[in-house]
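Protein chains in written order, with the numbering used here: chain A, 1 to 220; chain F, 1001 to 1220; chain H, 2001 to 2220; chain G, 3001 to 3220; chain S, 4001 to 4220; chain L, 5001 to 5220; chain W, 6001 to 6253; chain V, 7001 to 7253.
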Amino acid sequence: SHAPSLEKQFEGFRVQLEESGSLRERIRAVVMEIESTARLMQAGLLLVHQSRSTPEVLERPKAQIAVLKGLYNQLAQILSECPSQYYRYHGDWRGETQTVASLLAFMHWLETGNLLLHTEAEEKLGLNSSEFGLDVEDYLVGLCFMSNELPRYVVNQVTAGDYDCPRKVLKFLTELHAAFRMLNLRNDFLRKKFDGMKYDLKRVEEVHYDVKIRGLTARD
Amino acid sequence: SHAPSLEKQFEGFRVQLEESGSLRERIRAVVMEIESTARLMQAGLLLVHQSRSTPEVLERPKAQIAVLKGLYNQLAQILSECPSQYYRYHGDWRGETQTVASLLAFMHWLETGNLLLHTEAEEKLGLNSSEFGLDVEDYLVGLCFMSNELPRYVVNQVTAGDYDCPRKVLKFLTELHAAFRMLNLRNDFLRKKFDGMKYDLKRVEEVHYDVKIRGLTARD
Amino acid sequence: SHAPSLEKQFEGFRVQLEESGSLRERIRAVVMEIESTARLMQAGLLLVHQSRSTPEVLERPKAQIAVLKGLYNQLAQILSECPSQYYRYHGDWRGETQTVASLLAFMHWLETGNLLLHTEAEEKLGLNSSEFGLDVEDYLVGLCFMSNELPRYVVNQVTAGDYDCPRKVLKFLTELHAAFRMLNLRNDFLRKKFDGMKYDLKRVEEVHYDVKIRGLTARD
Amino acid sequence: SHAPSLEKQFEGFRVQLEESGSLRERIRAVVMEIESTARLMQAGLLLVHQSRSTPEVLERPKAQIAVLKGLYNQLAQILSECPSQYYRYHGDWRGETQTVASLLAFMHWLETGNLLLHTEAEEKLGLNSSEFGLDVEDYLVGLCFMSNELPRYVVNQVTAGDYDCPRKVLKFLTELHAAFRMLNLRNDFLRKKFDGMKYDLKRVEEVHYDVKIRGLTARD
Amino acid sequence: SHAPSLEKQFEGFRVQLEESGSLRERIRAVVMEIESTARLMQAGLLLVHQSRSTPEVLERPKAQIAVLKGLYNQLAQILSECPSQYYRYHGDWRGETQTVASLLAFMHWLETGNLLLHTEAEEKLGLNSSEFGLDVEDYLVGLCFMSNELPRYVVNQVTAGDYDCPRKVLKFLTELHAAFRMLNLRNDFLRKKFDGMKYDLKRVEEVHYDVKIRGLTARD
Amino acid sequence: SHAPSLEKQFEGFRVQLEESGSLRERIRAVVMEIESTARLMQAGLLLVHQSRSTPEVLERPKAQIAVLKGLYNQLAQILSECPSQYYRYHGDWRGETQTVASLLAFMHWLETGNLLLHTEAEEKLGLNSSEFGLDVEDYLVGLCFMSNELPRYVVNQVTAGDYDCPRKVLKFLTELHAAFRMLNLRNDFLRKKFDGMKYDLKRVEEVHYDVKIRGLTARD
Amino acid sequence: TPKRARAMTTESSTMADAFTRYTDYLNQLNEKRERVVKASRDITMNSKKVIFQVHRLGKNNKEEVLEKAEKDLVAVADQYISRLIKELQGSDFWKLRRAYSPGVQEYIEAATFCRFCRMGTLLHLDEINATLLPLSDPSLEPLQINVLDYLLGLADLTGELMRLAIGRISDGEIEYAQKICKFVRDIYRELTLVVPRMDDSHDMNTKMDTMLQSVIKIENACFSVHVRGSEYMPLHGSNDPNSILLGVPDFET
Amino acid sequence: TPKRARAMTTESSTMADAFTRYTDYLNQLNEKRERVVKASRDITMNSKKVIFQVHRLGKNNKEEVLEKAEKDLVAVADQYISRLIKELQGSDFWKLRRAYSPGVQEYIEAATFCRFCRMGTLLHLDEINATLLPLSDPSLEPLQINVLDYLLGLADLTGELMRLAIGRISDGEIEYAQKICKFVRDIYRELTLVVPRMDDSHDMNTKMDTMLQSVIKIENACFSVHVRGSEYMPLHGSNDPNSILLGVPDFET
Ligand SMILES: [Mn+2]
Ligand SMILES: [Mn+2]
C-alpha cells in the first residue's frame, strides 16, 4: 500500500506546522509587549489634550521609543529565521504597528511641526526595508489614525487659549490630505481610513473659522 | 516647509502602489482563468457520479491539467518579479488553488487508488517549492474538499452495482483521517474543514455497512 | 444489571436540578422587580435633561434606593442557601445590576459632584463583599453607562443656561477616564464599554469648547 | 477633591484584575494540556471503529487517565486560591471537561458494559465534590456526547461481524434515555444535547432491526 | 398644556398592557402544565417501541386525556375574558398544542387504525371551534409529528415479530400523505413539516418491502 | 433523449451571458475613466476651499466636462447595442454618475448662482433622455451631494473674508430644500441623502447668523 | 373481503372529506392574507405621502399644508383602511396582524403627525378609533386599532418630529423646535415605562434606541442655536435670545 | 432692485417647474412599482398552487392532474402575467426587475415542472416567451422573460423535482425517480458552468448549494432502493431489480 509515503509526508507536515505554530507563539509574545508599550505611550500622549506643555508631555512617551525599537528588533530576529515569509505572519503585528506608526507620527509632528517620513519612522524603530521593514500601507494607515487625533487636539488647544493652533494644524492637514489624494487607493481598509480624513479636515476648518470670525487670531 | 520631501515621498508611494496594483491585476487575470479551468474540470468530473467508466470520465479533465500548469507557470512568472512577496498576494489565489488541489487529488485517487502526495501535486502543476510552491495548508484543505466528494461517489457507485467500492474508499479515508489526526491543527479554516471529514468517514462506513449486511460484498 | 444505581443516581440529579431550577425561579422573580424599580428610577432621572432643579429631580429616584436595598437583600438571602455559588447564577442579575450601579453613580454625582465608590455603592444597596457583594466588573460597567449619559446632560444644561457645567463634567470625566486607563482590561464587554468612554469625553470637550470660545464661561 | 480615594480605589481594582487575569492564564495553560490529552485519548479510541479488540484499544487511552488526574489536580490547586469562585471561571474548562467525561464514560462502558456513575467519574479524575467537583451538568453533557458515538460503533461492529452488539447497545441506550427522561431539563445546552440522543437511539434500533430481520442474531 | 392628558393616556396603556401581561402569565402557567402532561404521555407512549401490548401501553396516556381536557378548559376560560384575542396569545400554547395533537392522533391510530379528525381532536380536548378551538394548522402540524414516529414504530414492531404492522402503517400513511397533498401550503412551518412526511413514507415502504420479500407476512 | 437539446440550450445561455459579461467589462472600462476624470475635477474643485478665485478654480474642472461628455457618449454607444437594457447595467455607473452630477451642479452654481436643471445636466454630458439619459434619481442624489459641500464652502469663504457668501448660499439652499420637499420619496438611498440636507441648511443658517450678528455683511 | 373494503372506503372518504374542508380553510385564509397585505401596502404608500405633505410646512403656509394633509389622511381611511375593516372580522384581527401591521403603523404615524402640527398635542388612540367607527358597516364588528400598533407607530413619529424640528430651527422657529423637543422627550419618557410590557418588545426596543437618537439630535440643535444666541446677548443687551434669532433672512431687504 | 427680484422669481419658478416634473416622475414610478409588486405576488401565489397540483401526481391520475395544472398555468399567464406585460414597457423591464422577479421565477418553476412531468424534458425559455407573445397588445413591445430569472426559477425547480422523486420511489416508480435523478444532475452540471457568468451570482450560488443537496437526496433514495433490491436478486434469480420493487402494494390482495 501507499501508506508509508502517506505517513512520512504527514510526519513532515506535522513538523512543519509545529514549527510555524511555535514561530507564531513567539511573534505573539513580542506583539503583546509592543501593544502594551504603545498603550503606555498613548496614555502619556493623552495629556496633550489637557493643556500641558508639549515637551513635558512628550518626555515619557519618547522614552518608550527605545523599548519599541528593541521589540521590533526581536521581531526582525524571529522573522529572519524564515526569510521571505514576512507577509505570511504580517497579520499578527499589523494592527499594533499601525498604532505605533500613528503615535510616532503624532509625536514627531508635535515636536517639529513636520510629517514623519516613512524612512524616518523605520529609522526610529531600527527597521530596515530590505530585511524587515515597515509596510508602506501600515505607515499610511498610521497617518490616518494620527489625523483622527487632530480635531480633538485643536479643540482642546483653543479651549486652553492657543488660538494660533488651528491655523497650523489646518495647513499641515491640508497638505497631508492633498498628498494622499495623489495616491490611487484600492477599495480597502486604507481607502476607508483615508476617506475619514476629510471629516478631520472639515472639523479643523470649522475650529479655524470659529477662532477667525471672533478675531482671536493674531495675523493669518 | 517640509512639503517637498512630503510630496516626493508620496510620489514614491504612488508609484509603488500602482505597481503593486497592476501586479494584482495581472494575478487576478490569471486566477480568473485558473478558476474557469477548474470549473470545467469540476463539471467534467461530475460525470463520475453517473456510472460512466472512470477512464472515459477522466479524459477531458486530465487534458485540462496542462492548461493549469501553464497558468501556474504564468503566476510564478509574475511573482518572480517581487521575490519574497508570495504571502503578500497569497489570498488572491488561495481559494482557487485549494479547489485545484482537491480536483487533482480526486482524479489521482480515481486513477490509482492512492493519495496524491504534495510533491506529486506540485509536479503536476509544474510548481517548485523553493520558488513558487503549493502552500501545504492549501494542499491539506484540498484533501478535505476531496474527502467531501467521497460519500456521494460511494453511494452512486453502489447504485451502479460496484459493491466493492465502499470497502476501498473506507480504507483510503480511514488512513487519510488517521494521518490528519497526527497534525496538531490551529483553530482555523483547515481545522474546521478537517473536523468535517469525520462526517464523510461516518457516511462511508454506513454505506459499507448497508452493502455488507446484505451480503452484497464478495469477501472483505 | 447496573440499572438500580443508575436510577438512583438520576433520581438524585432530578432533585438537584429541580432545586437549582426553583432557586433560579426565585432569583428571577427578584431580578424582575429590580429591573422594574431601576426603570422607574431611570424614567425619573430623564427629567434631569429638562432643566428641572436637581434636588427636585432626585427626590423620587432616591426614594427607590430603599426598595432596591430590600430587593438585593432578598437576593442575598436566596444565595445564602447555596454558599459559593454566587458566580453560578451571576448571569441572572448581572445586566440589571450594571444598570443599577450606573443609576446610583449618576445620582451620587448629581448630588455631590463626586464618584460613587464601590464600597459606597455596596453600602447603598446593603451589600457585603464577603457574602453577597457587588461584582467589581459590574460596578465598572455601570460607571461606563453613567459616562454615556454625561454628554447629553451637559448639552441640556448649557441650553438651560448653566455655562459652568461643561467645565465640571469635563474635569470629572477626565479623571474617571484616566483612572480607567490604569486598568489592564481584557478584551471583553467591559473593555468595549470603556473604549466608548472616549467618545463621551470628546463630546464634552466639544461642548466645553463651544461655551468657552463664545466667552460664556465666567473664568476657568 | 475626591481624586485620591478614586485613584486608590482604581489601584485596588488594577491589582485585583491583574490577579484574576493571571489566574485565568494559569487555568488556560492547564486546560490546554487537558485538551491535548483528551485528543490523544480520542485518537486512540477511534480504533474501536476498526475492529480491533477492545482491551487492545483501551490500553493506551487508559494510561492517559492518570495524566488527566494530575491535570485536574493542578486545576483544583489553582482554584483553591480563590475559594467559592469555581463558577466564575467554570466556562474556561467546561467544554474540555465535557469531552473528558464522555471519553471516560465510553471507555468504562466498553470495559464493563455499565454506565460510569458521576461519583466514579470524579474518582477517576481525583475530584472531590466538596472542593473542586465535576459539575453535574457537564457530566450529563458528557453522557450525551458518548451516546453520539454509539451508532457509529454499532454500525462498525456489525460490519466486523459482531451481530450481538446492537442488542447490548440498544438495551444500554434505552435505559440511559429513560433515566434522562426523568430529569426536567431547562431549555439549555444540555436539553439540546439530550434531544439529540433520540436520534442515536433510533439509529441503533434500526441497526438492530437490520440484524434481526436477517436472522443474524443468535437469540434475543 | 397636553402633559397631564399625555401622562394619563400612557397610564391607561400601561394598565391595559399589564392586564394582558398578567393574562399571559396565567396562560403560561396552564401551558406549562399542558407541557408536563404531554411529556408524561409521551414517556408512556415510548413503551410502544419496546414491544409492550398496545392496550397496556395506552392505559396511562389515555388517563391523561382528561387532565388535558381540564387544562384546555382552563385556557378557554381565561381567553373568554378577552373574546376574539385567541390569536394574540396563540404563540404561547402553539407548540405544546401541536405536540398534544400528535399524541392524541397517534394514540387514536394505535387504538382504531383510523385518523383522528380535527373535530374529533377538539372533542377529546373539550374544545369548541366557535369559542376556543384547535387551530387547523396546529392540528395538521400535529399529524406530521405523528407521521415522524411511524417509521420508528414499524422498525421496532418488526423487530419484535409483528410482521403485519408495516402493511397497516403503509396503508395509513399513504392515505394520509395523499390527503395532505390536497392542501396548498405556503412556505411556512407546516410546509416544512409536511415535506418530511415523504421520508417517513419511504422508510415504511422499505420496511414493508423487507418483510414482504422474505415472505414474513401472512397474506399480503 | 433531451440531453443534446439541454446542452445546446445551456450553451446558448452561456454565450448570451458571456456577451453581457463582456459588455459589462466594456462599460466598466469607461466607468473607470469617468471615475478618474471625476476624481480630477473633484481635486481641482477642492481648491475652492482654499480661497482661490472662482474662475481660476473652475478653469481646469470645466475643461474636463468635454472629457466626460466623450465618455458618456461611449457609454451610450455601448448601450445602444442592447436597447432598453439601460437599467440592467445601471448599477455599474450609478455611483460615479451621481458624483458627476454633483460636480456639475456645484460648478454651475459657483458660476451662475443657479441650480443646474436635469435637462441642463444631460445637455452638458451630451445625453438624450429618450436613448441614454441621466436617471432622475441619480441627478437628485447628485444635488444632495452638492448640498453637503456647501457648509464647508461657506465656512471657508467666511474665513477668507467673503462675508456675503452665507447669504447667497442660504438663499440657494433654502430654495433647493423647499423644492425637494415637493417629492414623495420612498425609504431609499435618495431619502436618506435628502434627510442630510436639512443639516447643511441649518449649518449655513448658523454661519449666516454669525456673520450677520457681527455686522460683517454689507447690507443684508 | 367486501366488508373491510367498504369500511376502508368509508374511512378514506371521511379523511378526504375532512381534508377538503382543511383545504378550503387554508385557501380562503391565504387569499384573505394576500388581500390584507395589499391593503396594508396601499395604506403605507399613501400615509407616507401625507407625511411628506406635512413636511412641506413652512412659516406661512401652515393652514394650506395641513388642510391638504388632513384631507388626504381621511382619504386613506376611507379608501384603504375601510378595506381592512371588511377583512378583519373576529379572530382574523389578531391572526393576520403581521400582514397589516406595517400599514397601520404608518397610518398612525401620519395621523399623529398631522395632529401634532395642527394642535401641538398627541392624537389619542381612542380618537383614531372613533374616526374609524363610521367606516364600518353597522352590521359588522367595528375595527379598532390595537395598542401595540399604535405605540409602534408613535415610536416612528418621533423620527418625523426630529426632521420637522431641524427644519423649524433653520427656519428660525426656535420656540416651535423647543416645543417639539419637549413633546418628544415626554413621549420617550412615557414609553420607557410602557415598552417592557408590550407583547413583543423586541422591535420596540430597537425603535426606542432610534428615538433616543432623535431626541439627542433635537437637543443638539437647540443647544447650538442657544449658545450662538447667548454669545450676543451681552452685545445687544437683550435678554430674549429668540428675538435675535429670527430665522430666515429676508433676502430683499 | 426690481430687476434682481424678477430674475430671482424666474429662477425660483424654473426650479419649481422642474421639481414638479421630477415629482410627477417619481410618483408615477412608485405607483407603477406598487402595481408590479402586487402582480408579482399574485403570480407567486397562483404558481405555487400549480406546483402543488402537480405534486398530486400518482401512478394512475397523471393525465387528469397535469391537465388541470396546465390549465391553471395558462390562467396565471392570462390573468397576471398579462398585467406585468402592460406595465413593463421599455426600460421599466430592467428598472423594476426586483419588483417582479420573485413572481416570474415562481412561474418559471411551475411551468418547467409541468413540462417535465408531461414530457420528461426541459421547457425552454424561448418556448415560454413564445406563449407570452399572444398576451401582448400587438401595438406594444412584447414582454420576454430574461435569462437570469429563467435560470433562478430553474434552480428552484430542482427542489420540487426532489420532492417528486422521493414520492415516486415510495410509489414504486423507481425508473421515474432515476429519470428525475439524471435530469437534475444534468441541470446541475450545466448550471455549474453558467452560474459564474450571471449578473449577480450571489443568490444563485446559494441556490446551487441547495440544488446539490437535492441531488444528493435523490441519489441516496435511489441507493437505498437499489441495495434493498440487490439483496434479493440472488434469491429470486431475476436481474431486473425493478420487477421486484413494484411499489405501493395492493392492499386488497
Ligand atoms: Mn417615518
Ligand atoms: Mn419551490
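Glycine included, each C-beta is placed from N, C-alpha and C at the ideal position.
Checklist entry - What is the chain-ordered set of residues for which the beta carbon lies under 7 angstroms from any non-hydrogen atom of ligand 1? => result Answer in sequence order: I6051/W, E6109/W, D6156/W, G6159/W, E6160/W.
Checklist entry - Around the C-beta of G7167/V, are 16 or more other C-beta atoms found within 10 angstroms, so that it is buried, or is it exposed? => result Under this definition G7167/V is a buried residue.
Item to check | For R4039/S and K4168/S, the rounded distance between their alpha carbons | outcome: One C-alpha to the other measures close to 27 angstroms.
Checklist entry - Name the DSSP bridge partner or partners of N3128/G? => result The partner list for N3128/G (beta bridge, DSSP) reads F3132/G.
Next on the checklist: ligand 4 and S4051/S: does the residue's C-beta get closer than 7 angstroms to at least one heavy atom of that ligand?
Outcome noted: Annotation note on ligand 4: not contained in the displayed structure, which lists ligand 1 and ligand 2 as its ligands.
Item to check | Contacts of K7207/V in chain W (Cβ-Cβ under 9 angstroms) | outcome: Listed along chain W is no residue with a C-beta nearer than 9 angstroms to that of K7207/V; the closest approach is about 25 angstroms.
Checklist entry - Who are the neighbours of N6060/W on chain V, taking C-beta pairs under 9 angstroms? => result Within 9 angstroms Cβ-Cβ: nothing; N6060/W doesn't reach chain V, min ~15 angstroms.
Item to check | Cβ-based contacts, 8 angstroms cut-off: residues of the region 7195 to 7223 of chain V near chain F | outcome: If the cut-off is 8 angstroms between Cβ atoms, the region 7195 to 7223 of chain V has P7196, I7216, E7219, N7220, C7222, F7223 near chain F.
Checklist entry - alpha helix (DSSP H) containing H4049/S: first to last residue? => result From DSSP, H4049/S is part of no alpha helix (DSSP H); its letter is neither H nor E.
Checklist entry - Since M6045/W meets chain V, which of its residues come closer than 9 angstroms, beta carbon to beta carbon? => result Contacts between M6045/W and chain V, judged by CB atoms closer than 9 angstroms, involve N7030, E7031, E7034 in chain order.
Item to check | Chain-order list of residues whose beta-carbon lies under 7 angstroms from that of H5118/L (same chain, five-residue window excluded) | outcome: The beta carbon of H5118/L sits closer than 7 angstroms to those of L5134, V5136, Y5139, all from its chain and outside the five residues before and after it, given in chain order.
Next on the checklist: At a CB distance below 8 angstroms, what residues from the region 179 to 203 of chain A approach chain F? Give them in sequence order.
Outcome noted: Listed in sequence order: A179, F180, M182, L183, N184, L185, R186.
Checklist entry - Using a beta-carbon distance cut-off of less than 7 angstroms, what residues from the region 3099 to 3122 of chain G approach chain H? => result Here the close residues are N3114, L3115, L3117, H3118.
Checklist entry - Would L3104/G pass as a contact of A3121/G if the rule is Cβ separation under 8 angstroms? => result It is a contact, given that the beta carbons lie within the stated cut-off.
Checklist entry - Within the chosen definition, does the region 7123 to 7140 of chain V reach the region 5023 to 5036 of chain L through at least 3 CB pairs nearer than 8 angstroms? => result Verdict: no, contact absent.
Checklist entry - Going along chain V in order, which residues have a C-beta closer than 7 angstroms to the C-beta of L5006/L? => result Here the neighbours are L7122, D7186, E7190.
Item to check | Contact check, V5141/L vs L5071/L, beta carbons under 8 angstroms | outcome: Taking 8 angstroms as the Cβ cut-off, V5141/L and L5071/L do not qualify as a contacting pair.
Next on the checklist: Is there a Cβ of chain A sitting closer than 8 angstroms to that of N5156/L, yes or no?
Outcome noted: Answer yes: the Cβ-Cβ gap between N5156/L and chain A drops below 8 angstroms somewhere.
Next on the checklist: Short of 7 angstroms Cβ to Cβ, which residues in the region 3012 to 3040 of chain G face chain H?
Outcome noted: Cβ contacts with chain H: F3013, R3014, Q3016, L3017, E3018, G3021.
Checklist entry - Considering Q6178/W, what are the terminal residues of the alpha helix (DSSP H) in which it resides? => result Segment 6174 to 6194, the alpha helix (DSSP H) holding Q6178/W.
Next on the checklist: What are the residues in the region 3050 to 3082 of chain G lying within 9 angstroms of chain F by C-beta distance?
Outcome noted: Flagged, chain order: Q3050.
Item to check | Cutoff 8 angstroms: R7056/V Cβ touching any chain W Cβ | outcome: Not an interface residue.
Next on the checklist: Can you pull the chain G neighbours of Y1209/F, defined as C-beta to C-beta under 7 angstroms?
Outcome noted: Correct list: V3155, V3158, T3159.
Item to check | Whole-Å CB distance - C5165/L paired with V5154/L, under 8 angstroms assumed | outcome: So it is a contact: roughly 6 angstroms between Cβ atoms.
Checklist entry - When you check each C-beta in the region 4125 to 4154 of chain S against every C-beta of chain G, which residues fall closer than 8 angstroms? => result Contact residues of the region 4125 to 4154 of chain S toward chain G are R4152 (C-beta to C-beta distance below 8 angstroms).
Item to check | Any chain S beta carbon closer than 8 angstroms to K3212/G | outcome: True, the Cβ-Cβ gap to chain S drops below 8 angstroms.
Checklist entry - Under a three-way DSSP split, which group does S1084/F fall into? => result Looking at S1084/F - three-state DSSP - the assignment turns out to be coil, as it is neither helix nor strand.
Next on the checklist: Is there a C-beta anywhere in chain V that falls below 8 angstroms from the one on K6038/W?
Outcome noted: Interface residue, yes.
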